[in-house]
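J.:
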Amino acid sequence: MGVYILDDKCVGCSACLKSCPFGAIEVKDKRAGLLNNCSGCGACADSCKFGAIVVEDNRQAEIDLRQYKDVWVIAEHNEGRLRSVTLELLGEGRKLADKLHQDLCALLLGEEIGDMANELICHGAKKVYIAQEPRLAHYQTGPYTDIISNLITTYKPNIVLIGATNQGRDLASRIAARVHTGLTADCTELDINEDGLLAQTRPAFGGNIMATILCPYHRPQMATVRPKVFKPAPRDTSCVGEILPVDSCLNGKCLLCDLLEVIKEAGQGVNLEEAEIVVAGGRGLGKPENLNLIKELAEALGGAVGASRAIVDAGWAPAIHQVGQTGKTVQPKIYIACGISGAVQHLAGMQSADTIIAINKDPDAPIFKVAHYGIVGDLLEILPALTRRLKQTAV
Amino acid sequence: MNIIVCIKQVPDTTDVKIHPETNTLIRDGVKSIVNPFDANALEAALQLKEAVGGKVTAITMGPSQAIDILREAVAMGIDDAVLLSDRAFAGADTLATAYTLAMGIRKIGDYDLIIGGKQAIDGDTAQVGPGIAEQLGIPQVTYAKHMKMDDGMLLVERMLEDGYEVIKTALPVLVTVVKQINEPRYPSLRGLLAAKKKEITVWNAADIGADEKRTGLAGSPTRVVSIFTPQRNTKAVMLEGEPEKAVETLAEVITKLNI
Ligand SMILES: Cc1cc2nc3c(=O)[nH]c(=O)nc-3n(C[C@H](O)[C@H](O)[C@H](O)COP(=O)(O)OP(=O)(O)OC[C@H]3O[C@@H](n4cnc5c(N)ncnc54)[C@H](O)[C@@H]3O)c2cc1C
Ligand SMILES: Cc1cc2nc3c(=O)[nH]c(=O)nc-3n(C[C@H](O)[C@H](O)[C@H](O)COP(=O)(O)OP(=O)(O)OC[C@H]3O[C@@H](n4cnc5c(N)ncnc54)[C@H](O)[C@@H]3O)c2cc1C
Chain A
11 MGVYILDDKC
21 VGCSACLKSC
31 PFGAIEVKDK
41 RAGLLNNCSG
51 CGACADSCKF
61 GAIVVEDNRQ
71 AEIDLRQYKD
81 VWVIAEHNEG
91 RLRSVTLELL
101 GEGRKLADKL
111 HQDLCALLLG
121 EEIGDMANEL
131 ICHGAKKVYI
141 AQEPRLAHYQ
151 TGPYTDIISN
161 LITTYKPNIV
171 LIGATNQGRD
181 LASRIAARVH
191 TGLTADCTEL
201 DINEDGLLAQ
211 TRPAFGGNIM
221 ATILCPYHRP
231 QMATVRPKVF
241 KPAPRDTSCV
251 GEILPVDSCL
261 NGKCLLCDLL
271 EVIKEAGQGV
281 NLEEAEIVVA
291 GGRGLGKPEN
301 LNLIKELAEA
311 LGGAVGASRA
321 IVDAGWAPAI
331 HQVGQTGKTV
341 QPKIYIACGI
351 SGAVQHLAGM
361 QSADTIIAIN
371 KDPDAPIFKV
381 AHYGIVGDLL
391 EILPALTRRL
401 KQTAV
Chain B
182 MNIIVCIKQV
192 PDTTDVKIHP
202 ETNTLIRDGV
212 KSIVNPFDAN
222 ALEAALQLKE
232 AVGGKVTAIT
242 MGPSQAIDIL
252 REAVAMGIDD
262 AVLLSDRAFA
272 GADTLATAYT
282 LAMGIRKIGD
292 YDLIIGGKQA
302 IDGDTAQVGP
312 GIAEQLGIPQ
322 VTYAKHMKMD
332 DGMLLVERML
342 EDGYEVIKTA
352 LPVLVTVVKQ
362 INEPRYPSLR
372 GLLAAKKKEI
382 TVWNAADIGA
392 DEKRTGLAGS
402 PTRVVSIFTP
412 QRNTKAVMLE
422 GEPEKAVETL
432 AEVITKLNI
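Here the protein sequences line up with chains A and B, keeping their order.
All residue numbers for the first sequence refer to the numbering used here, where the first residue is 11 and numbers rise by one.
All residue numbers for the second sequence refer to the numbering used here, where the first residue is 182 and numbers rise by one.
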């Protein structure tokens, strides 16, 4: 098992260099060689036209893959409403299910969730497996993992999609380890390849590279999917589907922590990660009070407030507003960056916004490299004028 | 209280730049560092030890050069360090990584708390922590922004998208931390000296009794089939002219986009 380069076949063309996420291939004296930071991931396998790279991979399926059918979406909800990522999963899940000629199903756990089960059907789920229990009212790793893992073992889905939220990432990785299958994190693109496998594409290295990942020999194929990437499934009240109550009994062995309290502290009442418009401020605001300029514009647009790490660290904005590699990843329709220089760690959290607008007084600020629209100028002047102008349009 | 901290060596992605013409990663001169969230995990462990006493052990799985980050951890003040290193561990996805680390942790034995980072800044999956907890059969609390011992139980604030949860759990438990939890300390001079001399345990697959079918590429259900760099937009439309005019144009653009 491992990656080898066959010296007699290598022509030193360097085509493989690009394929390595670790920069672990070196071409010296017209021969490629592996450096000691090679992780053996095999990403270089297909890059060599001369067959000089051998990825010895004698893995094979130990289960009958044909038994596994259907695309499952694990529904996430908050205060009695489905999270928008769930509808997005149904939208994308529908396409995958159609390509595979399989059914789209949803899993819903909670308490008093009957209405949401119907909503899932209106958004395309053919079957909704539903587990109702007071102890499921709030998400908890232990019981949710037990119930969903049992369902997976019983019904054998082909694909399981989960939102890449704090809840979804916590749950998905635990389930994948329990049912012993692969899990691709934070996908931004999904497709069915020519072999009928789920091709999962995701950013890594803080958004600097994209990787496409398969799970060839294990089932289900599991992926967490970044919110705000896919279009939500349209609502259609004429859709029909079945609601199937499932065993929700929690056995005594279930690993339970005590959930004492859930505290909400969302500023502006808009969830940053789900907002369609984000107005974000950076050190260019000059002083903490000027965050109000950001808040006012966000309010005028019905958007959420984002912040660079610089102003979070300075205490001008609470940490839950931080966008970037060590903050939140957002993918709104419009991202307005005000007085933010555009450090790569900030870009990691917002560069896939549909439209990026940058306001910065420095014409060479790196933020303009990713922006679709830019204004070079003083935000103290521009923001109030823009807010005023947009409020006029609103009336 | 015995605490084990999982730390990973990562390239400093801050330094990673994209070559403007070839559109590939430039890695020359990119340093290897302790995953930033794992530095927070080390700090959290040291603070708990200072509060209630005990021992802190750091563990990493990686190639032989990963020993550098263990020395950094020793310099910060931890007591013991273990490197899991074997050709058979190469190419591991998160399932195989979690299995290997869990086997290493079992071999260390007596533990009350395992702390890791929220995610690694290269792989970015946030999957290894929960994977370890599952293999060890212990509960997990992810995205911790605050924790303390309270009457033999661990009290944790777990970050949510729009707030946080307060969770009380018995030990042993696995916790992953976000950067808001603390400010990692700098190594002391004494620590740096200690780190140089410290004997670091190195275990291979046989030492930890790992089944080679479950480690490395062999034990990994996922397979990376291609890598590419995302296309970045490089041509912004600059709205020029007097501020009033630029604002007017921008307002029109926003109104149009926001329908
Ligand atoms: C491991 C690591 C993780 C990190 N994670 C994150 C993260 O998650 N998120 C994040 O944001 N950062 C992160 N950073 C920090 C990042 O590298 C930058 O330091 C930070 O993003 C800079 O914030 P800024 O753009 O607000 O400040 P600056 O870089 O100081 O930029 C301020 C900008 O404002 C402009 N300006 C000044 N005055 C005005 C004015 N009156 N009108 C208009 N423009 C003006 C300036 O021209 C400048 O471009 C991380 C760093 C590290 C090392
Ligand atoms: C481009 C690319 C994409 C990838 N995508 C996936 C994917 O989608 N799914 C998948 O299963 N694998 C994936 N992998 C493989 C994955 O990066 C490795 O398995 C890696 O060893 C662990 O994952 P991570 O870096 O995401 O760690 P995370 O799960 O993000 O790390 C969380 C915490 O676990 C601990 N930890 C992680 N690794 C170690 C270690 N080696 N030693 C000690 N502690 C550690 C640390 O405390 C860390 O803070 C990918 C690899 C590449 C190169």
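The beta carbon of each residue, even a glycine, is placed where N, CA and C say it ideally should be.
What is the DSSP secondary structure of residue 243 of chain A, counted as helix, strand or coil?
T.: By one-based count along the first sequence, residue 243 of chain A stands at place 233. Here residue 243 of chain A sits in coil by DSSP.
J.: Is it buried or exposed, residue 22 of chain A, if we count other Cβ atoms within 10 angstroms and call 16 or more buried?
T.: Your numbering for residue 22 of chain A matches position 12 in the first sequence. Looking at its Cβ environment, which holds fewer than 16 other Cβ atoms inside 10 Å, residue 22 of chain A is exposed.
J.: Please confirm whether residue 373 of chain B and residue 256 of chain B have their CB atoms less than 8 Å apart.
T.: Taking the first residue of the second sequence as 1, we reach residue 373 of chain B at position 192. Taking the first residue of the second sequence as 1, we reach residue 256 of chain B at position 75. In this structure, residue 256 of chain B lies closer than 8 Å to residue 373 of chain B by Cβ.
J.: Who are the neighbours of residue 283 of chain A on chain B, taking C-beta pairs under 7 Å?
T.: In the first sequence, the residue the question calls residue 283 of chain A occupies position 273. 342, listed in chain order.
J.: Tell me whether the stretch 69-79 of chain A and the stretch 39-53 of chain A touch, counting them as touching only if at least three CB pairs, one residue from each stretch, are closer than 8 Å.
T.: Cβ pair count under 8 Å is below three, so no.
J.: Residue 333 of chain A: beta carbon under 7 Å from a heavy atom of ligand 1?
T.: To locate residue 333 of chain A, count along the first sequence from 1; it is residue 323. Checking the Cβ of residue 333 of chain A against ligand 1 gives yes.
J.: Taking only the alpha-carbon atoms, compute the straight-line gap between residue 239 of chain B and residue 397 of chain B and give it to the nearest angstrom.
T.: Your numbering for residue 239 of chain B matches position 58 in the second sequence. Your numbering for residue 397 of chain B matches position 216 in the second sequence. Cα to Cα, the separation comes out at about 21 Å.
J.: Would you say residue 274 of chain A faces chain B, with C-beta separation under 8 Å as the test?
T.: Counting from 1 along the first sequence, the entry for residue 274 of chain A is found at position 264. Yes - at least one Cβ of chain B is within 8 Å of the one on residue 274 of chain A.
J.: Which one or two residues does DSSP pair with residue 358 of chain B in a beta bridge?
T.: Here residue 358 of chain B refers to the residue found at position 177 of the second sequence. Paired residues: B:298 and B:325.
J.: Between the beta-carbon of residue 198 of chain A and the beta-carbon of residue 239 of chain A, is there less than 8 Å?
T.: To locate residue 198 of chain A, count along the first sequence from 1; it is residue 188. To locate residue 239 of chain A, count along the first sequence from 1; it is residue 229. Cβ distance < 8 Å, so residue 198 of chain A and residue 239 of chain A count as in contact.
J.: Give me, in chain order, the residues of the same chain whose beta-carbon lies closer than 6 Å to that of residue 231 of chain A; leave out the 5 immediate sequence neighbours on both sides.
T.: On the first sequence, position 221 is the one that residue 231 of chain A refers to. Only 169, 208 and 225 meet the Cβ criterion.
J.: Shortest alpha-carbon distance to residue 186 of chain B belongs to which of B:213, B:245, B:251 and B:192?
T.: Taking the second sequence and counting its residues from 1, the one referred to as residue 186 of chain B is at position 5. The residue with the shortest Cα to Cα distance from residue 186 of chain B is B:251.
J.: Looking at the unbroken beta strand (DSSP E) that takes in residue 196 of chain A, where does it start and where does it end?
T.: As a first step, residue 196 of chain A must be located in the first sequence, where it is residue number 186. That run of the beta strand (DSSP E) goes 193-197.
J.: What residues of chain B sit near residue 125 of chain A, judged by a beta carbon separation below 9 Å?
T.: Counting from 1 along the first sequence, the entry for residue 125 of chain A is found at position 115. The premise fails here: residue 125 of chain A is roughly 21 Å from chain B at the closest Cβ pair, so nothing lies under 9 Å.
J.: Name the chain B residues whose beta carbon is nearer than 9 Å to that of residue 96 of chain A?
T.: The sequence position of residue 96 of chain A within the first sequence is 86, counting from 1. By Cβ distance, chain B contributes nothing, its closest Cβ being about 14 Å from residue 96 of chain A, past 9 Å.
J.: Which parts of the stretch 153-228 of chain A are runs of the beta strand (DSSP E), unbroken and 3 residues or longer, counting only runs that do not cross its ends?
T.: If we require 3 residues or more, the beta strand (DSSP E) runs fully inside the stretch 153-228 of chain A come out as 169-173, 193-197, 199-202, 208-214 and 219-224.
J.: In chain order, what residues of the same chain have a beta carbon less than 6 Å from the beta carbon of residue 348 of chain A, not counting five sequence neighbours either side?
T.: In the first sequence, residue 348 of chain A corresponds to position 338, counting from 1. Same-chain partners within the cutoff: 291, 369 and 389.
J.: Take residue 39 of chain A as the anchor and find which of A:28, A:32 and A:24 has the nearest alpha-carbon.
T.: On the first sequence, position 29 is the one that residue 39 of chain A refers to. Nearest of A:28, A:32 and A:24 to residue 39 of chain A, Cα basis: A:24.
J.: Could you name the residues of chain B that residue 334 of chain A contacts, counting a contact when the two beta carbons are closer than 7 Å?
T.: Within the first sequence, numbered from 1, the residue matching residue 334 of chain A stands at position 324. Residues of chain B passing the Cβ test: none, with the nearest at roughly 11 Å.
J.: Once DSSP output is grouped into helix, strand and coil, what is the label at residue 270 of chain B?
T.: Translated into positions along the second sequence, residue 270 of chain B becomes position 89. Helix at residue 270 of chain B.
J.: Give me the residue from A:60, A:20, A:304 and A:249 with the minimum Cα distance to residue 135 of chain A.
T.: Position 125 of the first sequence, counted from the start, is the residue given in the question as residue 135 of chain A. Here the closest residue by C-alpha is A:249.
J.: When the Cβ atoms of the stretch 300-317 of chain B are set against those of the stretch 275-285 of chain B, are three or more pairs found closer than 8 Å?
T.: The answer is yes - the stretch 275-285 of chain B touches the stretch 300-317 of chain B, with three or more Cβ pairs under 8 Å.
J.: Just to make sure I have the definition right: I need the residues of chain B whose C-beta is within less than 8 Å of the C-beta of residue 302 of chain A. Which are they?
T.: Reading the first sequence from its first residue, position 292 is the one you call residue 302 of chain A. Chain B residues near residue 302 of chain A: none, gap ~18 Å exceeds 8 Å.
J.: Could you compute how far the alpha carbon of residue 184 of chain A sits from the alpha carbon of residue 351 of chain A?
T.: The residue labelled residue 184 of chain A in the question sits at position 174 within the first sequence. The residue labelled residue 351 of chain A in the question sits at position 341 within the first sequence. Those two C-alpha atoms are separated by around 38 Å.
J.: Taking only runs of the beta strand (DSSP E) that begin and end inside the stretch 332-393 of chain A, which ones reach a length of at least 3 residues, in chain order?
T.: 344-348, 365-370 and 383-386, all fully within the stretch 332-393 of chain A.
J.: How big is the Cα-Cα spacing for residue 241 of chain B and residue 395 of chain B?
T.: The sequence position of residue 241 of chain B within the second sequence is 60, counting from 1. The sequence position of residue 395 of chain B within the second sequence is 214, counting from 1. Roughly 17 Å between the two C-alpha positions.
J.: If you drop the 5 nearest sequence neighbours on each side, which residues of the same chain put their C-beta closer than 7 Å to that of residue 437 of chain B?
T.: Reading the second sequence from its first residue, position 256 is the one you call residue 437 of chain B. Cβ neighbours of residue 437 of chain B beyond the five flanking positions: none.
J.: Determine contact between the stretch 213-220 of chain A and the stretch 137-156 of chain A, defined as no fewer than three beta-carbon pairs at a distance below 8 Å.
T.: In short, these stretches do not touch, since the Cβ pair count stays below three.
J.: Looking at the C-beta of residue 397 of chain B, does it have a partner C-beta in chain A at a distance below 8 Å?
T.: Start at 1 with the first residue of the second sequence, and residue 397 of chain B comes out as number 216. Judged by the 8 Å Cβ criterion, residue 397 of chain B is in contact with chain A.
J.: Find the nearest neighbour of residue 234 of chain A within the set A:296, A:16, A:52 and A:95, judged by alpha-carbon distance.
T.: Numbered from 1 along the first sequence, position 224 holds the residue referred to as residue 234 of chain A. The residue with the shortest Cα to Cα distance from residue 234 of chain A is A:95.
J.: Taking all protein chains shown into account, decide if residue 345 of chain A is buried (16 or more other Cβ within 10 angstroms of its Cβ) or exposed.
T.: Taking the first sequence and counting its residues from 1, the one referred to as residue 345 of chain A is at position 335. Looking at its Cβ environment, which holds 16 or more other Cβ atoms inside 10 Å, residue 345 of chain A is buried.
J.: Could you tell me the alpha carbon to alpha carbon distance between residue 216 of chain B and residue 303 of chain A, rounded to whole angstroms?
T.: Taking the first residue of the second sequence as position 1, residue 216 of chain B is located at position 35. Taking the first residue of the first sequence as position 1, residue 303 of chain A is located at position 293. Approximately 35 Å between the Cα atoms of the pair.
J.: Thinking just about the alpha-carbon of each residue, which of B:353, B:362 and B:260 is nearest to the one in residue 219 of chain B?
T.: What you label residue 219 of chain B is simply residue 38 of the second sequence in a count that begins at 1. The option with the nearest alpha carbon to residue 219 of chain B is B:362.
J.: Of the choices A:243, A:386 and A:343, whose alpha-carbon is the least far from that of residue 421 of chain B?
T.: Indexing the second sequence from 1 puts residue 421 of chain B at position 240. When only C-alpha atoms are compared, the closest one is A:386.
J.: Residues in the same chain with beta-carbon distance under 6 Å from residue 321 of chain B, minus the five sequence neighbours each way, listed in chain order, please.
T.: Reading the second sequence from its first residue, position 140 is the one you call residue 321 of chain B. For residue 321 of chain B, where only same-chain residues beyond five positions count, the Cβ hits under 6 Å are 311, 314 and 355.
J.: To the nearest angstrom, report how far apart residue 292 of chain B and residue 375 of chain B are at their CA atoms.
T.: Position 111 of the second sequence, counted from the first residue, corresponds to residue 292 of chain B. Position 194 of the second sequence, counted from the first residue, corresponds to residue 375 of chain B. Those two C-alpha atoms are separated by around 24 Å.
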